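A.B. asks:
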């Protein structure tokens, strides 16, 4: 019998590496958990760039991405938002469908647009690594830092004179993600600029002697009022320093509570609107400006994120989760399914007692492929997991000289060959166990492509052919009564003496009995 559930402690440890129906990110994770209800407030209305993962807990690729995604979230803390939504949750399916999610995981970068609450959403197509994600998100952070040179300094200082200003004097030409985040934090309350060390007049004006130096002008213009920041270049410390001149923007913005209007208030509103309309006829020019202001305020109050347009989108169809591939517990099962003299091709994943990320990736991808082949009704040889608890595990590794903790081999007992992924001189890596790479390898085996190795003698037991018993025929004397026992009853058959013509000098022939 082939087991597909955990039967022993080793099986439990092994199958723990497979996709399961549980949320990927805990409450303590640096990844923000969002849903259709709080997306608008946490992501769409934010001044920060975000990356959102649309995932399903049973998805093997989602589980493989989890460590890199959480690492990226830690690296981007304070600079951008890293969020995730569980599309397997019934309440989120329509929300995920609104984003056109077709598979898992899907990553989308959400960048603030020109209008509040109307962000720009684009697919992330880069590497599924922490560095790849971090680089892509940083590249999409809005840059509200003004680059100022000697010629433009005076004009920049004169603009919004009463607004506090912060200037970073640096020897680098590129604006850092940290300074972009600082400018976002104080957007609308502190003007932030960057001046290169080569702008000599500006450097001398403010008496800057080392780089980088951050200077705060609380009054907005006068160099004499400048306060030099002498702390570490960390966001929290810089925000605290600049907060003496202005209050940072709250993010996320506080949730608004809408109170229902009473009938009397609605009536009063209508009367007030009528009076305003009448007054506008008397003084068209004066009230036009007031009406304009009123209209703008009302529009701000009613602003809601139009992304996604859930009502106009079809909900995503969540596919059935891929079940884990079968686990061969005993040597008897292994020989019956794969290592017998009459067994066909099998793909074996040999794993250690403590499966690592490579093992999890391999088994997860094989589970997805097996599920896909079954869904498409494609005939393919079986995939199995073999753990060290199987008594034949050590023999397989010894006979085939397999040294790594995670090994993938295809074997054919009937034809006596085996094939390893990758080649014997190479080491199995993450690039070998992607769905695409494994499917290419499986297709090559199925089509008979590539070299195969002969299975060493002793691994497959020789087939012992049992000789068929030969019935003994003993001539019966003529005229005797022969009793033959039948399973159900006994029958007595009398064999009459056969009289034959005799030829001179010939012995009589033996009596021939009809076979029963």
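Numbering (the UniProt record's numbering), first residue to last: 1 to 516. All residues carry an ideal CB built from backbone N, CA and C; glycine is no exception. From a predicted model like this one, the values you see are computed outputs, not experimental measurements.
Please report the straight-line C-alpha distance between residue 113 and residue 445, rounded to a whole angstrom.
C.D. replies: For the purposes of this step, residue 113 is identified with residue 113 of the chain shown, where counting begins at 1. For the purposes of this step, residue 445 is identified with residue 445 of the chain shown, where counting begins at 1. Cα to Cα, the separation comes out at about 51 Å.
A.B. asks: Compute the distance between the beta-carbons of residue 184 and residue 48, then report whether it is under 8 Å.
C.D. replies: Locating residue 184 in the chain shown gives position 184, counting from the first residue. Locating residue 48 in the chain shown gives position 48, counting from the first residue. In contact: residue 184 and residue 48 (Cβ atoms closer than 8 Å).
A.B. asks: Give the DSSP-derived three-state secondary structure of residue 383 in the structure shown.
C.D. replies: Mapped onto the chain shown, residue 383 falls at position 383. Correct three-state label for residue 383: strand.
A.B. asks: Taking residue 460 as the reference, which of 127, 400, 407 has the closest Cα?
C.D. replies: The residue given as residue 460 occupies position 460 in the chain shown. The option with the nearest alpha carbon to residue 460 is 400.
A.B. asks: Pair every Cβ in the region 84 to 98 with every Cβ in the region 41 to 60, then say whether three or more of these pairs are closer than 8 Å.
C.D. replies: The answer is yes - the region 41 to 60 touches the region 84 to 98, with three or more Cβ pairs under 8 Å.
A.B. asks: Label residue 365 either buried or exposed according to how many other C-beta atoms from any shown protein chain fall within 10 Å of its C-beta, with 16 as the threshold for buried.
C.D. replies: Residue 365 sits at position 365 when you count from the first residue of the chain shown. Its Cβ being crowded by 16 or more others within 10 Å, residue 365 is buried.
A.B. asks: Mapping DSSP to helix, strand and coil, what is residue 145?
C.D. replies: Within the chain shown, the letter at position 145 stands for residue 145. Residue state, collapsed to three classes: coil.
A.B. asks: Using beta-carbon positions only, say whether residue 190 and residue 165 come within less than 8 Å of one another.
C.D. replies: On the chain shown, position 190 is the one that residue 190 refers to. On the chain shown, position 165 is the one that residue 165 refers to. Going by C-beta atoms, residue 190 is nearer than 8 Å to residue 165.
A.B. asks: Would you call the CB atoms of residue 193 and residue 141 closer than 8 Å?
C.D. replies: The residue given as residue 193 occupies position 193 in the chain shown. The residue given as residue 141 occupies position 141 in the chain shown. Contact: no.
A.B. asks: Skipping 5 residues on each side, what residues in its chain have a beta carbon closer than 7 Å to that of residue 177?
C.D. replies: Here residue 177 refers to the residue found at position 177 of the chain shown. These residues qualify, in order along the chain: 79, 138, 141.
A.B. asks: Looking at the unbroken alpha helix (DSSP H) that takes in residue 95, where does it start and where does it end?
C.D. replies: Your numbering for residue 95 matches position 95 in the chain shown. Residues 93 to 98.
A.B. asks: Can you give me the start and stop residues for the alpha helix (DSSP H) that residue 203 sits inside?
C.D. replies: Within the chain shown, the letter at position 203 stands for residue 203. Element bounds for residue 203: 200 to 205.
A.B. asks: Taking the DSSP output, what are the residues bridged to residue 86?
C.D. replies: On the chain shown, position 86 is the one that residue 86 refers to. BP columns for residue 86 point to 55.
A.B. asks: For the alpha helix (DSSP H) holding residue 445, just list the boundary residues, first then last.
C.D. replies: To locate residue 445, count along the chain shown from 1; it is residue 445. Taken as a continuous stretch (DSSP letters only), the alpha helix (DSSP H) holding residue 445 covers 435 to 446.
A.B. asks: Are residue 35 and residue 92 touching if we call contact CB-CB under 8 Å?
C.D. replies: Within the chain shown, the letter at position 35 stands for residue 35. Within the chain shown, the letter at position 92 stands for residue 92. Closer than 8 Å, so yes.
A.B. asks: Please report the residue range of the alpha helix (DSSP H) in which residue 137 lies.
C.D. replies: Sequence index remark: in the chain shown, residue 137 carries index 137 (1-based). That run of the alpha helix (DSSP H) goes 130 to 139.
A.B. asks: What is the DSSP secondary structure of residue 76, counted as helix, strand or coil?
C.D. replies: Translated into positions along the chain shown, residue 76 becomes position 76. Here residue 76 sits in coil by DSSP.
A.B. asks: Report yes if the CB atom of residue 435 is closer than 8 Å to the CB atom of residue 368, and no otherwise.
C.D. replies: One-based indexing of the chain shown puts residue 435 at position 435. One-based indexing of the chain shown puts residue 368 at position 368. It is a contact, given that the beta carbons lie within the stated cut-off.
A.B. asks: With DSSP collapsed to three states, give me the class of residue 64.
C.D. replies: On the chain shown, position 64 is the one that residue 64 refers to. Three-state result, residue 64: helix.
A.B. asks: Which whole runs of the beta strand (DSSP E) in the region 329 to 360 are 3 residues long or more, in chain order?
C.D. replies: Here the runs fully enclosed are 345 to 350.
A.B. asks: Between residue 69 and residue 133, how many whole angstroms is the CB-CB distance? I'm expecting something under 8 Å.
C.D. replies: For the purposes of this step, residue 69 is taken as residue 69 along the chain shown, with counting starting at 1. For the purposes of this step, residue 133 is taken as residue 133 along the chain shown, with counting starting at 1. About 7 Å separates the two Cβ atoms, so the contact holds.
A.B. asks: Is residue 123 helix, strand or coil by DSSP?
C.D. replies: Taking the chain shown and counting its residues from 1, one reaches residue 123 at position 123. DSSP places residue 123 in strand when its eight states are reduced to three.
A.B. asks: Mind checking whether residue 329 and residue 427 have CB atoms under 8 Å apart?
C.D. replies: Here residue 329 refers to the residue found at position 329 when the chain shown is read from its first residue. Here residue 427 refers to the residue found at position 427 when the chain shown is read from its first residue. Contact: no.
A.B. asks: Helix or strand or just coil, what does DSSP make of residue 365?
C.D. replies: The count along the chain shown starts at 1 and reaches residue 365 at position 365. Correct three-state label for residue 365: helix.
A.B. asks: Between residue 344 and the rest of its own chain, which residues show a CB-CB distance below 7 Å, the 5 nearest in sequence each way excluded?
C.D. replies: For the purposes of this step, residue 344 is taken as residue 344 along the chain shown, with counting starting at 1. Closer than 7 Å at the Cβ level, and outside the excluded window around residue 344, lie 381, 412, 414.
A.B. asks: Is DSSP giving residue 423 helix, strand or coil here?
C.D. replies: As a first step, residue 423 must be located in the chain shown, where it is residue number 423. In the structure shown, residue 423 sits in coil (DSSP, three-state: anything other than H, G, I, E or B).
A.B. asks: Tell me the DSSP secondary structure of residue 241 in three-state form.
C.D. replies: In the chain shown, the residue the question calls residue 241 occupies position 241. Residue 241 falls in the helix class under three-state DSSP.
A.B. asks: Short of 8 Å in beta carbon distance, which residues of its chain neighbour residue 173, apart from the five on each side in sequence? Order them along the chain.
C.D. replies: The sequence position of residue 173 within the chain shown is 173, counting from 1. Around residue 173: 196.
A.B. asks: Using three-state DSSP, classify residue 451 as helix, strand or coil.
C.D. replies: On the chain shown, position 451 is the one that residue 451 refers to. Here residue 451 sits in coil by DSSP.
A.B. asks: Identify every residue that forms a DSSP beta bridge with residue 49.
C.D. replies: For this step, residue 49 is matched to residue 49 along the chain shown. In the DSSP output, where bridge partners are listed per residue, residue 49 has none listed.
A.B. asks: Residue 29: which of 63, 38, 74 sits nearest, CA to CA?
C.D. replies: Counting from one through the chain shown, the residue named residue 29 turns up at place 29. Of 63, 38, 74, the residue nearest in Cα terms is 74.
A.B. asks: In whole angstroms, what separates the C-alpha of residue 244 from that of residue 102?
C.D. replies: Counting from 1 along the chain shown, the entry for residue 244 is found at position 244. Counting from 1 along the chain shown, the entry for residue 102 is found at position 102. Near 48 Å, if we compare the C-alpha coordinates of residue 102 and residue 244.
A.B. asks: In the DSSP assignment, find the unbroken beta strand (DSSP E) run with residue 227 in it and report its ends.
C.D. replies: Locating residue 227 in the chain shown gives position 227, where the first residue counts as 1. Run containing residue 227: 227 to 229, per the beta strand (DSSP E) assignment.
A.B. asks: Just how far apart, CA to CA, sit residue 433 and residue 441?
C.D. replies: Counting from 1 along the chain shown, the entry for residue 433 is found at position 433. Counting from 1 along the chain shown, the entry for residue 441 is found at position 441. Each residue's Cα considered, the two are about 10 Å apart.
A.B. asks: Helix or strand or just coil, what does DSSP make of residue 168?
C.D. replies: Taking the first residue of the chain shown as position 1, residue 168 is located at position 168. Residue 168 falls in the strand class under three-state DSSP.
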